[in-house]
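Asker: Sequential numbering of the sequence shown, starting at 462, is according to our numbering.
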Amino acid sequence: MAASNYKNFWDDKASTRTGAFIAVDGSANEEVARLTGAYTARQVAAALALQPTDRVLELGCGVGRIGRELAPRVAHWEGADISANMLGVARERLAGLGNVGLTELRRSRFDTLADASFDKAYCVAVFIHMDKEDVLLYLEDLARVLVPGGLLFFDTWNLAHPVGWRRFMLEVGQHRNADPSQRKDVARNQFSCPEEVRLFLDHCGFELLAQHGDSPWVQSVAMKRGGSRDAAAERARLQRDAARIAYTPLWTELFDAMIRVTGEGLPPEAMTDALGDDARGEEIAMFRVWYRELWRHNEAHWGPMPAALQADR
Ligand SMILES: C[S@@+](CC[C@H](N)C(=O)[O-])C[C@H]1O[C@@H](n2cnc3c(N)ncnc32)[C@H](O)[C@@H]1O
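Structure follows, in structure tokens:
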């Protein structure tokens, strides 16, 4: 099916449960979603200093990869997404939680959500798939639904980092020989840089509190202007917690191996070589499972999975 808008693009991707998981983190597997979900949830919780009393909104919640981890820690968690099919999987995965709401979006704003109805909001791996106009519209509406002083955390691809640039060049490579009469898909990867994000936030009523760009991602934490939250105290807190929010060099190295294999034709063994032993950091175990599922998915092209990736090693 030719996707003409965000909704049918993402509904098409999530037309099966497996498809939804693949679209979210490339894994097709609950185990990987739980592992990567816990990792990302820790970054979000640290960035937003989540409290049990918080009402929290996630834009582009997908299958509830992050929400499943965070909802039990807050007063209310609302997942909003353009895709009814994604929300269907999220509904199933979050069924046991009583403080969860799901909102299907129809355009780049939260039509059914009230002004100042959330304390915190976040958006992970979503703005990277939107035209910049839509990013701006969502940021404006996030400012509307957050309380004054409310906190926002989100990421975008980072052109200003070598691995982010390499990720961009994969898109350029695909585009180079594409049929010029065809538009690139509506939800293609979009790339940014720290200064651009700062501008968007400023124009949408947010004050930037912290930004991390030493990875293929620009990760930003901002505060809705107004309200009584002490920006200087928040900046100091975010500086103290930087290591729990920012992607580590090891994460970036392992991610780089994955995109070189999947996008640049490097032999898949480059991923196993990149792993090394578990003592290097907690990312090793997570990427091993991630690589394993990727290998399983590509076994027809890559051959049998090496022992280093097998589940019972
Ligand atoms: C790569 S997935 C990430 C899902 C989730 N944030 C996570 O990290 O697990 C992107 C998600 O954004 C949603 N999405 C894409 N474009 C959107 C738009 N214009 N408005 C709202 N949601 C959108 C998709 O349906 C999908 O669920």
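We put the CB at the ideal spot given by N, CA and C, even for glycine.
(1) Is residue 522 close to ligand 1? I mean its beta-carbon at under 8 Å from any heavy atom of the ligand.
(2) What residues match up with residue 682 in a beta bridge as DSSP calls it?
(3) In the DSSP assignment, find the unbroken beta strand (DSSP E) run with residue 583 in it and report its ends.
(4) Answer with buried or exposed for residue 468, where buried requires no fewer than 16 other C-beta atoms within 10 angstroms of its C-beta.
(5) To the nearest angstrom, report how far apart residue 723 and residue 729 are at their CA atoms.
(6) For residue 678 and residue 619, which I take to be in contact (beta-carbon distance under 8 Å), what is that distance rounded to the nearest angstrom?
(7) Which of the three DSSP states, helix, strand or coil, is assigned to residue 609?
(8) If distances are taken between C-alpha atoms only, which option among 576, 636, 744, 652 comes closest to residue 596?
(9) For residue 600 versus residue 682, is the C-beta spacing smaller than 9 Å?
(10) Which partner residues does residue 619 have in the DSSP bridge list?
(11) What do you reckon, are the CB atoms on residue 530 and residue 579 nearer than 9 Å?
(12) Could you check what DSSP says for residue 542 in three-state terms: helix, strand or coil?
(13) For residue 770, collect the residues of the same chain with a Cβ closer than 7 Å to its Cβ; drop the 5 residues on either side in sequence, then sort them by chain order.
(14) Quick check on the DSSP output: what are the complete alpha helix (DSSP H) runs of length 4 or more inside the region 482-532, in order along the chain?
(15) Closer than 8 Å to a non-hydrogen atom of ligand 1 - does that hold for the CB of residue 751?
(16) Check this for me: beta carbons of residue 686 and residue 667, under 9 Å apart or not?
(17) Answer yes or no: do residue 543 and residue 521 have a C-beta to C-beta separation smaller than 9 Å?
(18) Which same chain residues, not among the five before or five after residue 604, have their C-beta less than 7 Å away from its C-beta?
(19) Looking only at C-alpha atoms, which of 470, 760, 546, 518 sits nearest to residue 479?
(20) Can you tell me which residues form a DSSP beta bridge with residue 537?
(21) How is residue 462 classed by DSSP in three states: helix, strand or coil?
(22) In its own chain, which residues sit with a C-beta less than 8 Å from the C-beta of residue 477, not counting the 5 before and 5 after it?
(23) Grouping DSSP H, G and I as helix and E and B as strand, with all else coil, what is residue 644?
(24) Per DSSP, which residues does residue 565 bridge with? Please list them.
(25) For residue 735, collect the residues of the same chain with a Cβ closer than 7 Å to its Cβ; drop the 5 residues on either side in sequence, then sort them by chain order.
(26) Between 606, 680, 533, 500, which lies nearest to residue 559 when the distance is taken from Cα to Cα?
(27) What residues are listed by DSSP as bridge partners for residue 721?
(28) Closer than 8 Å to a non-hydrogen atom of ligand 1 - does that hold for the CB of residue 618?
(29) Tell me the rounded alpha-carbon separation between residue 617 and residue 557.
(30) Say the cut is 8 Å; is the CB of residue 705 nearer than that to a heavy atom of ligand 1?
(31) If we call anything under 9 Å between Cβ atoms a contact, is residue 554 one with residue 525?
(32) Between the beta-carbon of residue 575 and the beta-carbon of residue 535, is there less than 9 Å?
(33) Give a single yes or no on whether residue 626 has its beta carbon closer than 8 Å to a heavy atom of ligand 1.
Answerer: Once the coordinates are examined:
(1) Here residue 522 refers to the residue found at position 61 of the sequence shown. Indeed, a heavy atom of ligand 1 lies less than 8 Å from the Cβ.
(2) Walking along the sequence shown from the start, residue 682 turns up at place 221. Answer is 614, 671, bridged to residue 682.
(3) As a working note, residue 583 is residue 122 in the sequence shown. From DSSP, the beta strand (DSSP E) with residue 583 extends over 579-584.
(4) Looking up residue 468 in the sequence shown gives position 7. Label assigned to residue 468: buried.
(5) Taking the first residue of the sequence shown as position 1, residue 723 is located at position 262. Taking the first residue of the sequence shown as position 1, residue 729 is located at position 268. One C-alpha to the other measures close to 8 Å.
(6) Along the sequence shown, one-based indexing puts residue 678 at 217. Along the sequence shown, one-based indexing puts residue 619 at 158. With 8 Å as the limit, residue 678 and residue 619 qualify as a contact, their Cβ atoms being about 5 Å apart.
(7) By one-based count along the sequence shown, residue 609 stands at place 148. If DSSP states are grouped into helix, strand and coil, residue 609 belongs with the strands.
(8) If you number the sequence shown from 1, residue 596 lands on position 135. Checking every option, the nearest Cα to that of residue 596 belongs to 652.
(9) As a working note, residue 600 is residue 139 in the sequence shown. As a working note, residue 682 is residue 221 in the sequence shown. Their beta carbons are not under 9 Å apart, which means residue 600 does not touch residue 682 by this criterion.
(10) For the purposes of this step, residue 619 is taken as the residue at position 158 of the sequence shown. The partner list for residue 619 (beta bridge, DSSP) reads 653.
(11) Locating residue 530 in the sequence shown gives position 69, counting from the first residue. Locating residue 579 in the sequence shown gives position 118, counting from the first residue. Contact flag unset, no.
(12) By 1-based counting over the sequence shown, the position of residue 542 is 81. Three-state DSSP puts residue 542 in a strand.
(13) On the sequence shown, residue 770 is found 309 positions in, with the first residue counted as 1. Once the five neighbours on either side are set aside, the close Cβ partners of residue 770 are 733, 749, 752, 753, 756.
(14) 491-509, 528-531
(15) In the sequence shown, the residue the question calls residue 751 occupies position 290. Outside the cutoff, so no.
(16) One-based indexing of the sequence shown puts residue 686 at position 225. One-based indexing of the sequence shown puts residue 667 at position 206. Cβ distance < 9 Å, so residue 686 and residue 667 count as in contact.
(17) Here residue 543 is taken as the residue at index 82 of the sequence shown, counted from 1. Here residue 521 is taken as the residue at index 60 of the sequence shown, counted from 1. In this structure, residue 521 lies closer than 9 Å to residue 543 by Cβ.
(18) Translated into the one-based positions of the sequence shown, residue 604 becomes position 143. Closer than 7 Å at Cβ, skipping near neighbours: 665, 666, 667, 685.
(19) Indexing the sequence shown from 1 puts residue 479 at position 18. With distances taken between Cα atoms, residue 479 lies closest to 546.
(20) The count along the sequence shown starts at 1 and reaches residue 537 at position 76. Paired residue(s): 516.
(21) The count along the sequence shown starts at 1 and reaches residue 462 at position 1. Because the pLDDT at residue 462 is just 45, under 50, the model does not fix this residue reliably, and the value given afterwards should be weighed accordingly. If DSSP states are grouped into helix, strand and coil, residue 462 belongs with coil.
(22) On the sequence shown, residue 477 is found 16 positions in, with the first residue counted as 1. Within the same chain, residue 477 has no close Cβ partners at all.
(23) If you number the sequence shown from 1, residue 644 lands on position 183. Residue 644 falls in the coil class under three-state DSSP.
(24) For the purposes of this step, residue 565 is identified with residue 104 of the sequence shown, where counting begins at 1. DSSP lists 542 as partners of residue 565.
(25) Within the sequence shown, residue 735 is the residue found at index 274, counting from 1. 714, 715, 718, listed in sequence order.
(26) Taking the sequence shown and counting its residues from 1, one reaches residue 559 at position 98. Closest by alpha carbon: 533.
(27) Within the sequence shown, numbered from 1, the residue matching residue 721 stands at position 260. None, per the DSSP bridge assignment.
(28) In the sequence shown, the residue the question calls residue 618 occupies position 157. Result no, Cβ not under 8 Å from ligand 1.
(29) Taking the first residue of the sequence shown as 1, we reach residue 617 at position 156. Taking the first residue of the sequence shown as 1, we reach residue 557 at position 96. Near 31 Å, if we compare the C-alpha coordinates of residue 557 and residue 617.
(30) Translated into the one-based positions of the sequence shown, residue 705 becomes position 244. Flag unset: Cβ of residue 705 not near ligand 1.
(31) Translated into positions along the sequence shown, residue 554 becomes position 93. Translated into positions along the sequence shown, residue 525 becomes position 64. Contact flag set, yes.
(32) As a position in the sequence shown, residue 575 is number 114, starting the count at 1. As a position in the sequence shown, residue 535 is number 74, starting the count at 1. Going by C-beta atoms, residue 575 is not nearer than 9 Å to residue 535.
(33) Stepping through the sequence shown from its first residue, residue 626 is reached at position 165. Checking the Cβ of residue 626 against ligand 1 gives no.
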